[in-house]
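Protein chains in written order, with this note's numbering: chain A, 251 to 628; chain B, 251 to 628.
The C-beta atom is built at its ideal place from N, Cα and C for all residues, glycine as well.
Just so we're clear, the structure is a prediction, and the values are computed from it rather than from any experiment.
Let me begin by presenting the structure, written as structure tokens, before commenting on it.
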């Protein structure tokens, strides 16, 4: 039976990784031990100081709507965090608090994009970007991630409204250099920079797009840095003249973000940076372990990722169909990985390993993958 | 300077009531006493048992993403609540949990509506409905609220996809009768029934659209019944074949609702119905007080509202411009009311009084309005 759903949503595909997760859970129910390396979510619980502040706000009866732009103290804390981290001078008036980065992207793109406008993203890219773009009637233009900042000029047209970047990147875990960001910020389209993985990185510090152009738009949130995925708290930093229009859209589409979650956000920025740094140290150790492990089983990654919590590796010489291989690895070894196809056409032939798991499980998982590949392909 | 924002969002207007609120807060800062009768939000704190369960879930580290459709136990509780309240047999598999009714409406309409489809709503109506509709490219068709179920047939075309109803209604506080709902449910377009004010009503019980047609779609949430506005927790009940498509949209656009807020929702349905009934008794008292008060100052309402927490009264014989009158009343008396214009063309010439305030303030506020109108117009 064919149902009469809208054309634009029929194009939106389910994530293959969700099918992997479903299969993994079903295997677990059957008693099989599963090592979860498929999901892009910190395994840590939210730091205690953050949890306690949400509980306090609840006890204080902070259960009503807030200002649609967010509690002023949170907007101030976010601007101070950006100013201190990147040596900027952003006014708190430019901060719009949202219920996660997803609703931020929804209203931002509703505001910026007209039917048939074009948005450039890298290939591979975070799986959901094209859905946010297509929900406005605009078009996604894919530019290969490799040499993105050079090749992009071939793809810019009069219709290109936005260049959406993500550094450190999901799924690759790699970053744009200072020079690449400078180059991108000089192009005509507005840079929308998804900085959700900032602070989960090692070596040279992360650069904010706002350091290169004051007209850049920042999308960020608390999910990854503070292990707060379930809380649904994000924000945008936008040029002043966007704020009133975004306030109206937030009023209409979401009313306001959650008050006690916003209190927790203030605490995160004011008191939990040390805990975020500790978690980052752990990710750094795990990253090293994962890269060495993958190299030892014949899956070296070049260039090395140094951010986020992903290792994205090429398996196309063994198997072009990433979903097929991810399913086989799961069934044979109990190790769950994300099929690269989720992240765009150039993600096909790759697998994403998320090292949000213990050192022991990362090592064990990679050894099992190695053994499986050796038996099957060598 | 003209900015290049999308046409569809330029059409979305700010709520005039927000300007009233802003002015009221500024007067408060200047030391003036304000009686707030403008906002559609329970003045009660969320019942303690609900707050405690959220705190427990936080202490237990429930801070990660959940299933995109919501925690199974909450979906089950919602289906049981509907089945018990309306004598239905809804499967929990038909429930989709969302971060409030607003995100529910966003993804539902994204799924159902094609560019140029038509959605019928009443005039007056909840201020945000047209924004959700226009965000999909579809058109809002207004049918006068009075005689809605009869006159609607003149407005139905081949393009009418949805009839969006809201009973008890914001802003009128009145309800469709059993017969009217039956009539509407027999029409060809799908009924989407926003039942957010169900349980805040007196006299005959509320009827769910699902009692009249199993193909109806329900939008509801915890904000009003349980005084949980800030929590952002809502849900839909949809035909089975919608669920998978909505799951994909939720994954893409919102990932999942908040886990500890969902735990609180389970507690609300399982343990806080008595508190909801107590609050309803208080609203019933206040409604009587407000209606008697308005009648005593020459503003009778006919038919009497018996649901939600609004009294919507005609002031067009005194002043056609509702924003002008609301501003004057606020400045002169300190009583804040919502201008009827926010709720559609037929709302103009009316004011909405929300009796989410103490008996004392409701009485005092209405007396002040009466005195002002007498001095100015009589």
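- Remark: three or more beta-carbon pairs, one from each stretch, lie closer than 8 Å, so the region 417-427 of chain A and the region 559-579 of chain A are flagged as touching.
- Three or more pairs of CB atoms, one per stretch, sit closer than 8 Å, so the region 565-574 of chain B contacts the region 598-615 of chain B.
- Following the DSSP letters along the chain, one finds residue 413/B inside the beta strand (DSSP E) bounded by residues 410-415.
- Note that the C-beta distance between residue 287/A and residue 485/A is not below 9 Å.
- A check of alpha carbon separations from residue 296/A across 612/A, 621/A, 480/A, 510/A identifies 480/A as the nearest.
- For residue 389/A, the uninterrupted beta strand (DSSP E) segment begins and ends at 389-394.
- In the displayed model, residue 517/B falls within a helix according to three-state DSSP.
- Relative to residue 378/B, the option among 456/B, 327/B, 356/B, 323/B whose CA is nearest is 356/B.
- Boundaries cannot be given for residue 366/A, as no alpha helix (DSSP H) includes it and DSSP labels it neither H nor E.
- Using a CB distance cut-off of 9 Å, residue 605/A does not count as an interface residue toward chain B.
- Neighbours of residue 372/B in chain A, taken as residues whose beta carbon is under 7 Å from its own, are absent, since the nearest beta carbon is some 18 Å off.
- Per DSSP, the beta bridge partners of residue 601/A are 563/A, 589/A.
- Where residue 352/B is concerned, the enclosing alpha helix (DSSP H) starts and stops at 351-362.
- Collapsing the DSSP output to three states places residue 534/B in a helix.
- With a cutoff of 9 Å on beta-carbon distance, residue 584/A and residue 289/A are scored as not near each other.
- Contact note: residue 364/B reaches chain A through 256, 257, using a C-beta cutoff of 7 Å and chain order.
- Under the Cβ criterion (8 Å, minimum of three pairs), the region 332-344 of chain A does not count as touching the region 379-386 of chain A.
- The beta carbons of residue 312/B and residue 504/B sit about 18 Å from each other, so the pair does not count as a contact at 8 Å.
- Our two residues, residue 417/A and residue 443/A, have alpha carbons roughly 8 Å apart in a direct line.
- Below the 7 Å Cβ cutoff, chain A contributes 308 as neighbours of residue 304/B, in chain order.
- For residue 478/A, the CB contacts under 6 Å within the same chain, skipping 5 residues up- and downstream, are 296, 472 in chain order.
- Interface with chain B (9 Å Cβ-Cβ cutoff): residue 525/A is excluded.
- Taking every protein chain shown into account, the CB of residue 607/A has 16 or more other CB atoms within 10 angstroms, so this residue is buried.
- Around residue 495/B, the beta-carbon contacts reaching into chain A at under 7 Å are 255, 259.
- At a C-beta separation below 7 Å, residue 314/B has these neighbours in chain A: 291, 479, 480.
- Checking the DSSP bridge columns, you'll see residue 286/A partnered with 586/A.
- Within the model, the alpha-carbon separation for residue 530/B versus residue 293/B is close to 12 Å.
- A straight line joining the alpha-carbon of residue 322/B with that of residue 498/B spans about 17 Å.
- Residue 347/A is not a Cβ neighbour of residue 449/A, given a cutoff of 9 Å.
- For residue 619/B, same chain residues with a beta-carbon under 7 Å away, outside a window of 5 residues either side, are 547, 579, 583, 585 in chain order.
- Interface residue (Cβ-Cβ distance to chain A less than 9 Å): residue 502/B is classified as such.
- Burial check for residue 413/A: the Cβ neighbour count within 10 Å reaches 16 or more, so the residue is buried.
- Under the DSSP assignment, residue 611/A falls in the alpha helix (DSSP H) whose first and last residues are 609-627.
- Along the region 258-286 of chain B, going in chain order, the ones with a CB nearer than 9 Å to a CB of chain A are 258, 259, 260, 262, 263, 264, 265, 268.
- Residue environment for residue 440/A: buried (at least 16 other C-beta atoms within 10 angstroms of its C-beta).
- Neighbours of residue 499/A across chain B, judged by C-beta separation under 7 Å: 259, 262.
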